Amino acid sequence: MNTFIFTILIWLGSIIAGFLGSLTGLGGGIVIIPLLTLVFGVDIRYAIGASLVSVIATSSGAAAAYVKEGFSNIRVGMFLEIATTVGALVGAFLALRLSTPIIAVIFGLVLMHSAYISSRPRKESLCLTKPDRLANILKMNGTYPTLEGLKSYNVCSVPLGFGLMFIAGTVSGLLGIGSGAVKVLAMDQAMRLPFKVSTATSNFMIGVTAAASAGIYLNKGYIDPGLTMPVMLGVLLGSSLGARHLFGAETKKLRIIFGIVIFVLAVEMIYSGLKGGLLK
Amino acid sequence: MNKTEQQLPNHEMELVLGNLLRAGVIIAAATVFLGGIIYLLRHGFAVADYSVFQHEPSYLCNVQGIVDNASTFHGRGLIQLGLLLLIATPVARVALSIFEFARKRDTLYVIITLIVFCILLYSVMRG
């Protein structure tokens, strides 16, 4: 296949990946990596590098929209970024040492887990009683706008949230995805932030986390300009289209279809990893 | 009412930061696009093969090499420059937050933000 046709096809695929990723809240990386490796036969290391860069683009591009609504908690985000960026460095160094079949299998397992988390209904359980002592020291408790005006909220289980964020960062650095699913889970269920606050804060953190491992990937020669160009431009376009569209009832149907697609991709990734080396 | 007033200046700063991020992404995407056009005009009919991982040439892996290559309007160098600008965008946001916390005399968060900033610098400048 010549480079021109290859670039156009990757670009179109990336638009769809970005669109589905933003519509379902799972992020573009989760579709783009299996697409590149399974369909286009790209080495997973190039796929991870290209995906990571597009993660930064979507997260930073969407930040202004979230900020306008005034939900993200900068203090919570900044504190947890210590955990996610250190995790991202660990993940990137792991990626340099692990063999590609092992990375493919881990990717498949994380894909399944993300599909499972996103298929479950999100339960909002606010931390209204007693905030964490650390949360007080770190001045994390905040307010967010609701229909009845500003509402205050507290933050629970800061150490647990910090630990989970380290894992989220490692996953992000190892696999080149935003790992928004783990971040949101940590803030929803451990730290008990209101939904809108945890979603916006997670978006705020994803770009910074991805930048921490992207530097390593760039230095180590994982980011190929010819491949990353159509991926980044496609995912960016697709995700901004996805953010503008609200399908209402259709979204639910789309989520189920997307969940099935992800499950199939996950099985394929694990199979290809096992076939590609682990069973030989 | 008092709370709203306290919230507003902070919120305005965040809006500025948010718009800065978006501007960074747009500039980065435009650079990548320009580089992509040049790259395709020159190499569009070569065979695309990414099935075997080869380390990228070293001049496309560090800041100095990328800037040198891009300044001579090489497609691949320009794309890499755009990607570098994109990686720099969240780093710039963290850097500005340091000043913002300093202005509010929030020493604890100046330190926290500095730690994050150093980790990012280590990643981008290393190697």
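Chains as they are written, first to last, in my numbering: chain F, 51 to 330; chain A, 26 to 152. Where is the CB? At the ideal position from N, CA and C, for every residue including glycine. This one's a predicted model, so the numbers in the text were calculated from it and none came from an experiment.
Between residue 308 of chain F and residue 74 of chain F, the C-beta spacing is below 8 Å.
Residue contact check for residue 321 of chain F against chain A: no CB pair falls below 8 Å. Under the DSSP assignment, residue 201 of chain F falls in the beta strand (DSSP E) whose first and last residues are 199 to 203. If you check the CB distance, residue 200 of chain F and residue 193 of chain F come in under 8 Å.
The secondary-structure analysis by DSSP pairs residue 196 of chain F across a beta bridge with F:199. In the three-state DSSP reduction, residue 155 of chain F falls in the helix class (H, G or I). Listed by position along chain A, the residues whose Cβ is nearer than 8 Å to that of residue 274 of chain F are 75 and 81. Closest by C-alpha distance to residue 261 of chain F, out of F:137, F:248 and F:51, is F:137. Per DSSP, residue 217 of chain F is one residue of the alpha helix (DSSP H) stretching across 208 to 225. Look at residue 186 of chain F here: in three-state DSSP terms it is helix.
Rounded to whole angstroms, the gap between the alpha carbons of residue 147 of chain F and residue 153 of chain F is 10 Å.
The three-state secondary structure of residue 52 of chain F, taken from DSSP, is strand. Residue 59 of chain A is outside the set of residues whose beta carbon lies under 8 Å from a beta carbon in chain F.
Under the DSSP assignment, residue 148 of chain A falls in the alpha helix (DSSP H) whose first and last residues are 132 to 150. Within chain A, the residues whose beta carbon sits less than 8 Å from that of residue 106 of chain F are 111, 112, 114 and 115, listed in sequence order. For residue 121 of chain A, the nearest beta carbon of chain F is not closer than 8 Å to its own beta carbon. Taking 7 Å as the upper bound on Cβ-Cβ separation, chain A lies near residues 91, 92, 93, 95 and 96 of the stretch 71 to 102 of chain F. Think of a sphere of 8 Å around the beta carbon of residue 215 of chain F: no beta carbon from chain A falls inside it, the nearest being about 12 Å out. Annotation for residue 89 of chain A: the continuous alpha helix (DSSP H) segment containing it runs 88 to 96. Legend: CB atoms of the stretch 127 to 159 of chain F lying less than 7 Å from CB atoms of chain A belong to residues 128, 129, 131, 132, 135, 136 and 139.
Taking C-beta separations shorter than 6 Å and ignoring five residues to either side along the sequence, the partners of residue 116 of chain F in its chain run 122, 250 and 253, following chain order. With respect to residue 103 of chain A, residue 53 of chain A sits apart: the two C-beta atoms are not nearer than 8 Å. Secondary structure note for residue 170 of chain F: it is in no alpha helix (DSSP H), with a DSSP letter that is neither H nor E. Less than 8 Å divides the Cβ of residue 96 of chain F from the Cβ of residue 277 of chain F. Residue 182 of chain F places its beta carbon less than 8 Å from that of residue 208 of chain F. Interface flag for residue 284 of chain F against chain A is unset, since no Cβ pair is found closer than 8 Å. Contact check for residue 46 of chain A and residue 118 of chain A: beta-carbon distance about 6 Å, within the 8 Å limit, so the pair qualifies. Here residue 72 of chain A is bridged, per DSSP, to F:52. Excluding residues up to 5 positions away in sequence, 72 lie with their Cβ nearer than 6 Å to the Cβ of residue 293 of chain F in the same chain. Here the C-alpha atom of residue 139 of chain A lies approximately 15 Å from the C-alpha atom of residue 134 of chain F.
Around the Cβ of residue 111 of chain F, a 10 Å sphere holds 16 or more other Cβ atoms; the residue is buried.
For residue 78 of chain A, the closest Cβ of chain F is nearer than 8 Å. Put simply, of F:279, F:235, F:242 and F:218 the residue whose alpha carbon is nearest the alpha carbon of residue 206 of chain F is F:242.
A contact between stretches requires three or more CB pairs, one per stretch, nearer than 8 Å, and the stretch 61 to 69 of chain F fails this requirement with the stretch 209 to 219 of chain F. In the pairwise beta carbon analysis, the stretch 115 to 133 of chain A is classified as not touching the stretch 79 to 88 of chain A: fewer than three pairs are separated by under 8 Å. The three-state secondary structure of residue 140 of chain F, taken from DSSP, is helix.
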